[in-house]
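Top to bottom, those sequences are chains A and B. At position 104 of the first sequence the residue is numbered 110 (my numbering), and the sequence of numbers has no breaks. At position 101 of the second sequence the residue is numbered 108 (my numbering), and the sequence of numbers has no breaks. For every residue, glycine included, the Cβ atom is placed at its ideal position computed from N, Cα and C.
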Amino acid sequence: AQTVTQSQPEMSVQEAETVTLSCTYDTSESDYYLFWYKQPPSRQMILVIRQEAYKQQNATENRFSVNFQKAAKSFSLKISDSQLGDAAMYFCAYSMEYGNKLVFGAGTILRVKS
Amino acid sequence: EAGVAQSPRYKIIEKRQSVAFWCNPISGHATLYWYQQILGQGPKLLIQFQNNGVVDDSQLPKDRFSAERLKGVDSTLKIQPAKLEDSAVYLCASSPEHVNQETQYFGPGTRLLVL
Chain A
7 AQTVTQSQPE MSVQEAETVT LSCTYDTSES DYYLFWYKQP PSRQMILVIR
57 QEAYKQQNAT ENRFSVNFQK AAKSFSLKIS DSQLGDAAMY FCAYSMEYGN
107 KLVFGAGTIL RVKS
Chain B
8 EAGVAQSPRY KIIEKRQSVA FWCNPISGHA TLYWYQQILG QGPKLLIQFQ
58 NNGVVDDSQL PKDRFSAERL KGVDSTLKIQ PAKLEDSAVY LCASSPEHVN
108 QETQYFGPGT RLLVL
């Protein structure tokens, strides 16, 4: 069974600085998708960024980028120029292929200090 | 484009009572998911529908949970009778049929507290 591990229960970052959230996963599949979702206190799950495993290029969305290391089964999220609005719970998630369930990690709470 | 709608947003019930949650996915999305998120954990899939057929309900406690998506659009998740451990946020998500099928869009969730 696929598993997703987020080893950092909580992280803090100063406003305007950079922070990296870690995620590792376990799968025997070669084609799959990886995601980072943000969940603020309202509990609405918001997609931050996604990565297709067959693509070697790391995904980027504005201030958010990933470091995808397929051989190491690692998928970290880098947030640059952190803002107060980035404070939330961040979940790493895996999907075997399109139309399949998401397998989530336990989450990392990100606190942003002003 | 309207997002995934869920109601109610909050529900408090006594154990052994029944409760139902409703979800309306994004228009045109063929796949609908129900996840259970217990406090401090990541969401876990309860059931997945493709149109009005069940794709995966392996993690659904079928002795007390049921779900339906009769016309392939909106869906209802029911718990009967509820237990204390059912206290959680119930998230509904949907994904499109063609472009970006792998991406799921979530509703605001229903917070359930069982006393």
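Next on the checklist: If we define contact as Cβ-Cβ less than 8 angstroms, is residue 111 of chain A a contact residue for chain B?
Outcome noted: Judged by the 8 angstroms Cβ criterion, residue 111 of chain A is in contact with chain B.
Item to check | Nearest-angstrom Cβ-Cβ length linking residue 116 of chain A and residue 92 of chain A, presumed shorter than 8 angstroms | outcome: Yes, they are in contact, since the Cβ atoms of residue 116 of chain A and residue 92 of chain A sit about 6 angstroms apart, within 8 angstroms.
Checklist entry - Is any beta-carbon of chain B found at less than 8 angstroms from that of residue 17 of chain A? => result It does not; no Cβ of chain B falls within 8 angstroms.
Checklist entry - Is the beta carbon of residue 86 of chain A sitting closer than 8 angstroms to the one on residue 29 of chain A? => result No, they are not a contact pair.
Next on the checklist: For chain A, check one thing: does any of its Cβ atoms lie closer than 8 angstroms to the Cβ of residue 113 of chain B?
Outcome noted: So yes, residue 113 of chain B belongs to the interface.
Next on the checklist: Just verifying my parser: in three-state terms, what is the DSSP assignment at residue 60 of chain B?
Outcome noted: Here residue 60 of chain B carries a strand assignment [DSSP, helix/strand/coil].
Item to check | Closer than 7 angstroms at the beta carbon, the chain A residues around residue 55 of chain B | outcome: 107, listed in chain order.
Next on the checklist: Determine whether the beta carbon atoms of residue 33 of chain B and residue 101 of chain B lie at a separation below 8 angstroms.
Outcome noted: Closer than 8 angstroms, so yes.
Next on the checklist: 8 angstroms is my cut-off, CB to CB: does residue 40 of chain B come that close to chain A?
Outcome noted: Yes, residue 40 of chain B lies at the interface with chain A (some Cβ there is under 8 angstroms from its Cβ).
Next on the checklist: residue 24 of chain B and residue 88 of chain B - do their beta-carbons sit closer together than 8 angstroms?
Outcome noted: Going by C-beta atoms, residue 88 of chain B is nearer than 8 angstroms to residue 24 of chain B.
Next on the checklist: So residue 53 of chain A contacts chain B; which residues on that side make the cut at Cβ distance below 9 angstroms?
Outcome noted: Those within 9 angstroms of residue 53 of chain A in chain B are 110, 111, 112, 113.
Next on the checklist: Which residue wins for smallest C-alpha separation from residue 9 of chain A, given the options A:103, A:119, A:98?
Outcome noted: Of A:103, A:119, A:98, the smallest CA-CA separation from residue 9 of chain A is found for A:98.
Checklist entry - DSSP three-state call for residue 75 of chain B: helix, strand or coil? => result Three-state result, residue 75 of chain B: strand.
Checklist entry - Is there a Cβ from chain A that is less than 8 angstroms from the Cβ of residue 43 of chain B? => result No, residue 43 of chain B lies away from the interface with chain A (no Cβ there is under 8 angstroms from its Cβ).
Item to check | Closer than 8 angstroms to chain B by CB, residue 50 of chain A | outcome: Taking Cβ atoms only, chain B reaches closer than 8 angstroms to residue 50 of chain A, which makes this a yes.
Next on the checklist: Excluding the 5 residues flanking residue 21 of chain A on each side, which residues of the same chain have their C-beta closer than 8 angstroms to its C-beta?
Outcome noted: Only 88, 89, 90, 118, 119, 120 meet the Cβ criterion.
Item to check | Backbone CA spacing between residue 64 of chain B and residue 23 of chain A [nearest angstrom] | outcome: Spanning the two alpha carbons is a distance of roughly 43 angstroms.
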